[in-house]
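**Q** Here the sequence shown stands for residues 1302 to 1500, where the numbers follow the working numbering.
Glycine is no exception: its CB is placed at the ideal position from the N, C-alpha and C atoms.
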Amino acid sequence: METRAAAPRRLIVAITGATGAIYGIRLLETLRRLGGVESHLLISSAGWLNIQHELQLSKEDVHPLADVVHSVRDVGATIASGSFATDGMVVAPCSMRTLASVAHGFSDNLITRAADVTLKERRRLVLLVRETPFNLAHLRNMTAVTEMGGVIFPPLPAFYNQPTSIDQMVDHTVARVLDLFALGPALSPAWAGLRGPQE
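1) Are the Cβ atoms of Val1446 and Leu1400 separated by less than 8 Å?
2) Quick test of the definition: if touching needs 3 or more C-beta pairs under 8 Å, does the stretch 1376 to 1393 touch the stretch 1320 to 1329?
3) Compute the Euclidean distance between the alpha carbons of Thr1317 and Ser1346, then round it to the nearest angstrom.
4) Less than 8 Å between the CB atoms is what I'm expecting for Leu1429 and Ala1416, so what's the real figure, rounded?
5) For my contact list, Leu1418 and Ser1382 are in at a C-beta cut-off of 8 Å; report their separation, rounded to the angstrom.
6) As an exercise, report each continuous beta strand (DSSP E) stretch of at least 3 residues that is fully enclosed by the stretch 1391 to 1465, in chain order.
7) Just mark Ile1467 as buried or exposed, buried being the case when its beta carbon has 16 or more other beta carbons within 10 Å.
8) Name the one or two DSSP bridge partners that Gly1389 has.
9) Please name the residue or residues paired with Pro1342 in a DSSP beta bridge.
10) Measure the Cβ-Cβ separation of Leu1358 and Ile1352 and say whether it is below 8 Å.
11) For the alpha helix (DSSP H) holding Val1475, just list the boundary residues, first then last.
12) State the start and end residues of the unbroken alpha helix (DSSP H) segment that holds Ala1378.
13) Do Thr1387 and Leu1329 have their beta-carbon atoms positioned less than 8 Å apart in this structure?
14) Could you compute how far the alpha carbon of Arg1414 sits from the alpha carbon of Gln1463?
15) Is there contact between the stretch 1452 to 1463 and the stretch 1472 to 1482, where contact requires at least three CB pairs shorter than 8 Å?
16) Hey, Ile1326 and Leu1356: beta-carbon distance below 8 Å or not?
17) Just confirm the distance between the C-beta atoms of Leu1420 and Met1397, as a whole number of angstroms; I'd bet it's less than 8 Å.
18) Where does the unbroken alpha helix (DSSP H) through Ile1323 begin, and where does it stop?
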């Protein structure tokens, strides 16, 4: 009997116009280092502005980090269809505009269409939402995405591992995001508990 070849591991990574472009870039760098996962990259026009402003990187620097790069206007791309198997999608960082579009099903570009497809196919969608403080519209949109099965993951730094640099805080967040997809061995160390004074 003929056996069907397993689909390759694939992850969609989108970078939108919120501060924190380093999260999306580091995610791509980590996937490249780990290997075994085909990355599909999308960057909005505002996302490019932040990459250039915050990281001083060009398209020539960023595009080679991904296996496939899609234009946000190409709504006929492979990732616009649920028949194209992926392990899910990460939007890092996720602007409030993108969050609102996903929450209300506005598939007005390839980022929001791919997110919609990820949700309808019951695949994991992780949004690294970046804004502070949140207003009621932000909170309601986050609730809506959560109710649809998405994961709201504000990139809040952890201090229990006593980081000594911004890079370490970014790496820890990226490791925790990737662990949600179970693409291999856990990247972030498990919490070992506190050993305080005995009562």
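**A** In short, the structure shows the following:
1) In the sequence shown, the residue the question calls residue 1446 occupies position 145. In the sequence shown, the residue the question calls residue 1400 occupies position 99. Their beta carbons are under 8 Å apart, which means Val1446 touches Leu1400 by this criterion.
2) Under the three-pair Cβ rule at 8 Å, the stretch 1376 to 1393 counts as touching the stretch 1320 to 1329.
3) The count along the sequence shown starts at 1 and reaches residue 1317 at position 16. The count along the sequence shown starts at 1 and reaches residue 1346 at position 45. Cα-Cα distance, rounded: 8 Å.
4) In the sequence shown, the residue the question calls residue 1429 occupies position 128. In the sequence shown, the residue the question calls residue 1416 occupies position 115. At roughly 13 Å, the Cβ-Cβ gap does not stay under 8 Å, so Leu1429 and Ala1416 are not in contact.
5) The count along the sequence shown starts at 1 and reaches residue 1418 at position 117. The count along the sequence shown starts at 1 and reaches residue 1382 at position 81. The displayed chain sequence assigns Val, not Leu, to residue 1418. Their Cβ separation, rounded to whole angstroms, is 7 Å, which keeps Val1418 and Ser1382 in contact under 8 Å.
6) With a minimum length of 3 residues, the continuous beta strand (DSSP E) runs that stay inside the stretch 1391 to 1465 are 1425 to 1430.
7) If you number the sequence shown from 1, residue 1467 lands on position 166. Under a 10 Å Cβ-count criterion, Ile1467 is classified as exposed, with fewer than 16 other Cβ atoms of the shown protein chains found around its own Cβ.
8) Position 88 of the sequence shown, counted from the start, is the residue given in the question as residue 1389. Assignment of beta-bridge partners to Gly1389 by DSSP yields Arg1425.
9) Counting from 1 along the sequence shown, the entry for residue 1342 is found at position 41. The question names Pro, yet the displayed sequence has Leu at residue 1342. Answer by DSSP bridge pairing, in chain order: Val1314, Val1370.
10) In the sequence shown, residue 1358 corresponds to position 57, counting from 1. In the sequence shown, residue 1352 corresponds to position 51, counting from 1. Their beta carbons are under 8 Å apart, which means Leu1358 touches Ile1352 by this criterion.
11) Position 174 of the sequence shown, counted from the first residue, corresponds to residue 1475. Its alpha helix (DSSP H) spans residues 1467 to 1480.
12) To locate residue 1378, count along the sequence shown from 1; it is residue 77. Unbroken run through Ala1378: none, as it is neither H nor E.
13) Mapped onto the sequence shown, residue 1329 falls at position 28. Mapped onto the sequence shown, residue 1387 falls at position 86. No, they are not a contact pair.
14) Counting from 1 along the sequence shown, the entry for residue 1414 is found at position 113. Counting from 1 along the sequence shown, the entry for residue 1463 is found at position 162. Their backbone Cα atoms lie some 39 Å apart in a straight line.
15) Verdict: yes, contact present.
16) The residue you call residue 1326 lines up with position 25 of the sequence shown. The residue you call residue 1356 lines up with position 55 of the sequence shown. Remark: C-beta atoms of Ile1326 and Leu1356 approach each other more closely than 8 Å.
17) Here residue 1420 refers to the residue found at position 119 when the sequence shown is read from its first residue. Here residue 1397 refers to the residue found at position 96 when the sequence shown is read from its first residue. Going by Cβ atoms, the distance from Leu1420 to Met1397 rounds to 18 Å, so no, they are not a contact pair.
18) Numbered from 1 along the sequence shown, position 22 holds the residue referred to as residue 1323. Bounds of the alpha helix (DSSP H) holding Ile1323 are 1322 to 1335.
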